[in-house]
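**Student:** Take a look at the following structure, please.
Number of protein chains: 2
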Amino acid sequence: MSENTGGKRSLGAKTLAVPTPVWLVAAYDSGGKPNVMTIAWGGICCSDPPCVAVSLRKATYTYGCITARRAFTVNVPGEELLKQTDLCGIITGKTSDKFKEAGFTAVKAEKVDAPAVQECKLILECRLAHTFELGLHTQFVGEIVDVKAAPEILTDGSLDMGKVKPMLFDPGTCSYFGTGELLGKAFSVGKKS
Amino acid sequence: MSENTGGKRSLGAKTLAVPTPVWLVAAYDSGGKPNVMTIAWGGICCSDPPCVAVSLRKATYTYGCITARRAFTVNVPGEELLKQTDLCGIITGKTSDKFKEAGFTAVKAEKVDAPAVQECKLILECRLAHTFELGLHTQFVGEIVDVKAAPEILTDGSLDMGKVKPMLFDPGTCSYFGTGELLGKAFSVGKKS
Numbered sequence: 001m002s003e004n005t006g007g008k009r010s011l012g013a014k015t016l017a018v019p020t021p022v023w024l025v026a027a028y029d030s031g032g033k034p035n036v037m038t039i040a041w042g043g044i045c046c047s048d049p050p051c052v053a054v055s056l057r058k059a060t061y062t063y064g065c066i067t068a069r070r071a072f073t074v075n076v077p078g079e080e081l082l083k084q085t086d087l088c089g090i091i092t093g094k095t096s097d098k099f100k101e102a103g104f105t106a107v108k109a110e111k112v113d114a115p116a117v118q119e120c121k122l123i124l125e126c127r128l129a130h131t132f133e134l135g136l137h138t139q140f141v142g143e144i145v146d147v148k149a150a151p152e153i154l155t156d157g158s159l160d161m162g163k164v165k166p167m168l169f170d171p172g173t174c175s176y177f178g179t180g181e182l183l184g185k186a187f188s189v190g191k192k193s
Numbered sequence: 194m195s196e197n198t199g200g201k202r203s204l205g206a207k208t209l210a211v212p213t214p215v216w217l218v219a220a221y222d223s224g225g226k227p228n229v230m231t232i233a234w235g236g237i238c239c240s241d242p243p244c245v246a247v248s249l250r251k252a253t254y255t256y257g258c259i260t261a262r263r264a265f266t267v268n269v270p271g272e273e274l275l276k277q278t279d280l281c282g283i284i285t286g287k288t289s290d291k292f293k294e295a296g297f298t299a300v301k302a303e304k305v306d307a308p309a310v311q312e313c314k315l316i317l318e319c320r321l322a323h324t325f326e327l328g329l330h331t332q333f334v335g336e337i338v339d340v341k342a343a344p345e346i347l348t349d350g351s352l353d354m355g356k357v358k359p360m361l362f363d364p365g366t367c368s369y370f371g372t373g374e375l376l377g378k379a380f381s382v383g384k385k386s
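Quick mapping for you: the protein sequence lines, in order, are chains X and Y.
1 is the number of the first residue of the first sequence in this note's numbering; add one for each residue after it.
194 is the number of the first residue of the second sequence in this note's numbering; add one for each residue after it.
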């Protein structure tokens with residue numbers, strides 16, 4: 001390894017980025033059964049139109065659901081839903097009713113043809129806008145047509161991550177972490193006086 | 194709003210997802226000057242080949258850098274770099290040397306034609322693989338050709354997010370949050386016995 005990396009070690013060509021989100025992606029299958037899966041490969045990808053990207057393997061049951069109905073929801077579980085959320089990353093919708101197994105309630109999203117997870121306090125309703133084949137994963141870019149939030153995660157009417165307490169996934173240790181303390185205001189704390 | 198949302202409120206079509214990462218994207222401009230900017234619109238998007246996506250507006254100086262050199266690094270700042278990281282989201286490389294202004298050290302990445310931020314303990318070296326025009330933002334998908342990590346963020350040789358202490362961006366309150374406590378093992382904690 002070259003000297004200029006300051007003593008860092010090479011870990012190879014791996015998906016070792018942190019933090020990654022822990023989100024529940026939900027969609028109806030072609031028969032109308034709601035399905036949900038846990039993902040960590042995703043993120044916001046455009047401000048206008050507002051879009052969120054989620055990457056799924058073709059082998060997942062949810063892949064076929066999103067392709068068929070061209071809509072999905074991104075449901076953000078708080079840390080109180082740790083066990084149920086982990087379960088939705090273990091079992092498959094091919095052979096089970098994942099909403100039922102996890103104890104989640106499927107409700108129809110208001111503005112798109114997809115189910116939402118009632119127990120999640122933050123829900124993004126998405127219309128499939130783009131499908132990008134990247135390799136093992138396919139990236140679905142959803143246009144966010146509405147965001148639904150429980151009153152208890154709002155501060156002065158705005159979403160407050162400190163109240164959502166979303167989980168983080170660490171690909172390195174294959175573990176979940178919680179949300180930490182407020183550190184400071186963006187576009188402000190680093191300003192030179 | 195429909196009754197089935199369980200009392201949730203509509204916040205409209207907005208990029209209100211949490212958590213979003215706080216990453217420093219670095220690239221050389223056409224003249225070889227290293228530039229760096231703070232982003233929160235990004236995430237892992239494919240496992241094989243390993244890829245990470247970052248979204249930038251065309252108006253940013255870094256946009257032209259990545260387009261010209263077809264390479265970039267994703268540098269993950271720990272919370273100890275809060276102020277410097279915020280500053281890199283405020284000033285522009287068009288009229289300033291952002292590495293110098295932020296007190297960051299630019300080092301050449303080992304495997305791609307891009308600078309890295311020496312002070313960041315986790316660095317992803319990326320080759321530009323895809324460019325997707327989504328609207329206000331352009332999504333650059335980088336193939337991760339190597340990951341460099343400082344020894345102090347490793348546990349038994351593996352990356353440990355608990356040691357990196359990456360920051361999170363909350364688009365709702367426009368604030369940074371820290372990484373919280375370890376909650377449990379993935380693909381394990383939710384297993385039914």
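Here a beta-carbon is modelled for each residue, glycine too, at the ideal position from N, C-alpha and C.
Beta-carbon of G7/X versus every beta-carbon of chain Y: anything under 8 Å?
**Tutor:** True, the Cβ-Cβ gap to chain Y drops below 8 Å.
**Student:** For the stretch 243-255 of chain Y, enumerate the residues whose C-beta is nearer than 7 Å to any C-beta of chain X, in chain order.
**Tutor:** Those residues of the stretch 243-255 of chain Y that come within reach of chain X (Cβ to Cβ, closer than 7 Å) are P243, C244, V245, A246, S248.
**Student:** Give the range of the alpha helix (DSSP H) segment to which R69/X is assigned.
**Tutor:** Looking at the DSSP string, the run of the alpha helix (DSSP H) that includes R69/X is 61-69.
**Student:** Please report the straight-line C-alpha distance between A379/Y and I90/X, rounded to a whole angstrom.
**Tutor:** If you take the alpha carbons of A379/Y and I90/X, they lie about 9 Å apart.
**Student:** Using 8 Å as the cut-off, can you tell me whether the stretch 163-173 of chain X makes contact with the stretch 349-356 of chain Y, which would need three or more C-beta pairs spanning the two stretches below that distance?
**Tutor:** Taking 8 Å as the limit for Cβ pairs, the verdict is that the stretch 349-356 of chain Y does touch the stretch 163-173 of chain X.
**Student:** For V52/X versus G142/X, is the C-beta spacing smaller than 8 Å?
**Tutor:** Yes, Cβ-Cβ distance for V52/X and G142/X is below 8 Å.
**Student:** Out of T208/Y, L347/Y, N268/Y, state which residue places its alpha-carbon closest to the alpha-carbon of P50/X.
**Tutor:** Comparing Cα-Cα distances from P50/X to each of T208/Y, L347/Y, N268/Y, the minimum goes to T208/Y.
**Student:** Rounding to the nearest angstrom, what Cα-Cα distance links N268/Y and G371/Y in this structure?
**Tutor:** Going from the Cα of N268/Y to the Cα of G371/Y covers about 16 Å.
**Student:** Would you tell me roughly how many angstroms separate the C-alpha atoms of T62/X and N35/X, rounded to the nearest one?
**Tutor:** One C-alpha to the other measures close to 7 Å.
**Student:** Compute the Euclidean distance between the alpha carbons of G290/Y and T95/X, then round it to the nearest angstrom.
**Tutor:** Going by the sequence as given, residue 290/Y is Asp instead of Gly. Cα to Cα, the separation comes out at about 56 Å.
**Student:** Less than 6 Å between C-beta atoms, sequence neighbours within five positions excluded: which residues of the same chain meet that for K163/X?
**Tutor:** These residues qualify, in order along the chain: I153.
**Student:** Write down every uninterrupted run of the alpha helix (DSSP H) in the stretch 271-341 of chain Y whose length is 4 residues or greater and which is fully enclosed by it, in chain order.
**Tutor:** You should have 275-280, 291-295.
**Student:** Here's the rule: buried if 16 or more other CB atoms are within 10 angstroms of the residue's CB, otherwise exposed. What is G271/Y?
**Tutor:** Buried, by the Cβ-count rule.
**Student:** Select from F333/Y, S248/Y, K226/Y the residue whose C-alpha is nearest the C-alpha of V300/Y.
**Tutor:** The residue with the shortest Cα to Cα distance from V300/Y is K226/Y.
**Student:** How would you list, in chain order, the residues of chain Y whose beta-carbon sits under 9 Å from the beta-carbon of T67/X?
**Tutor:** Ordered by position in chain Y, no residue passes the 9 Å Cβ test against T67/X, which lies about 17 Å from the chain.
**Student:** Which two residues bound the contiguous alpha helix (DSSP H) that contains K356/Y?
**Tutor:** 354-357 is the span of the alpha helix (DSSP H), which, as asked, contains K356/Y.
**Student:** Apply the 10 Å Cβ neighbour rule to T324/Y and answer buried if 16 or more other Cβ atoms are within range, or exposed otherwise.
**Tutor:** T324/Y should be labelled exposed.
**Student:** Could you check the C-alpha separation between T266/Y and V189/X for me, to the nearest Å?
**Tutor:** Those two C-alpha atoms are separated by around 24 Å.
**Student:** Please report the distance separating the alpha-carbon of I259/Y from that of T348/Y.
**Tutor:** Approximately 33 Å, taken between the alpha carbons.
**Student:** For a test of the three-state rule: what should DSSP assign to P151/X, helix, strand or coil?
**Tutor:** Reduced to three states, the DSSP call for P151/X is helix.
**Student:** What does the Cβ neighbour count give for D146/X, buried or exposed, with the cut at 16 atoms within 10 Å?
**Tutor:** By the neighbour-count rule (16 or more Cβ atoms within 10 Å), D146/X is buried.
**Student:** Can L24/X and A210/Y be called in contact, C-beta distance under 8 Å?
**Tutor:** Cβ distance not < 8 Å, so L24/X and A210/Y don't count as in contact.
**Student:** I want to verify the contact list: residues of chain Y whose CB lies under 8 Å from the CB of D146/X, in sequence order.
**Tutor:** Per Cβ cutoff of 8 Å: S203, L204, G205, A206.
**Student:** Can you tell me whether S195/Y is buried or exposed, with buried defined as 16 or more other CB within 10 angstroms of its CB?
**Tutor:** Note that S195/Y has pLDDT 47, beneath the 50 cutoff, so the model's placement of it is unreliable and the number below is only indicative. Exposed is the call here.
**Student:** According to DSSP, is P364/Y helix, strand or coil?
**Tutor:** Three-state result, P364/Y: coil.
**Student:** Is DSSP giving V229/Y helix, strand or coil here?
**Tutor:** Three-state result, V229/Y: strand.
**Student:** Which stretch, first to last residue, makes up the beta strand (DSSP E) that contains L56/X?
**Tutor:** Segment 51-57, the beta strand (DSSP E) holding L56/X.
**Student:** According to DSSP, is F380/Y helix, strand or coil?
**Tutor:** If DSSP states are grouped into helix, strand and coil, F380/Y belongs with coil.
**Student:** In the DSSP assignment, what are the bridge partners of V22/X?
**Tutor:** Answer is none; V22/X lacks a bridge partner.
**Student:** Based on the DSSP output, what are the partners of S351/Y in its beta bridges?
**Tutor:** DSSP output for S351/Y lists T348/Y as bridge partner(s).
**Student:** Taking the alpha-carbon positions, what's the A26/X to E181/X distance?
**Tutor:** Distance between the alpha carbons of A26/X and E181/X: 29 Å.
**Student:** If I'm right that A71/X touches L122/X with Cβ under 8 Å, what's the distance once you round it to whole angstroms?
**Tutor:** About 18 Å; that fails the 8 Å criterion.
**Student:** Specify the secondary structure class of L209/Y as computed by DSSP and reduced to three states.
**Tutor:** In this structure, L209/Y counts as coil in the three-state DSSP scheme.
**Student:** Does the separation of the CB atoms of K341/Y and R57/X fall below 8 Å?
**Tutor:** Not in contact: K341/Y and R57/X (Cβ atoms no closer than 8 Å).
**Student:** Here's the rule: buried if 16 or more other CB atoms are within 10 angstroms of the residue's CB, otherwise exposed. What is D48/X?
**Tutor:** With fewer than 16 Cβ atoms within 10 Å of its Cβ, D48/X is classed as exposed.
**Student:** Can you give the Cα-Cα distance for Y221/Y and G236/Y, rounded to whole angstroms?
**Tutor:** Cα to Cα, the separation comes out at about 22 Å.
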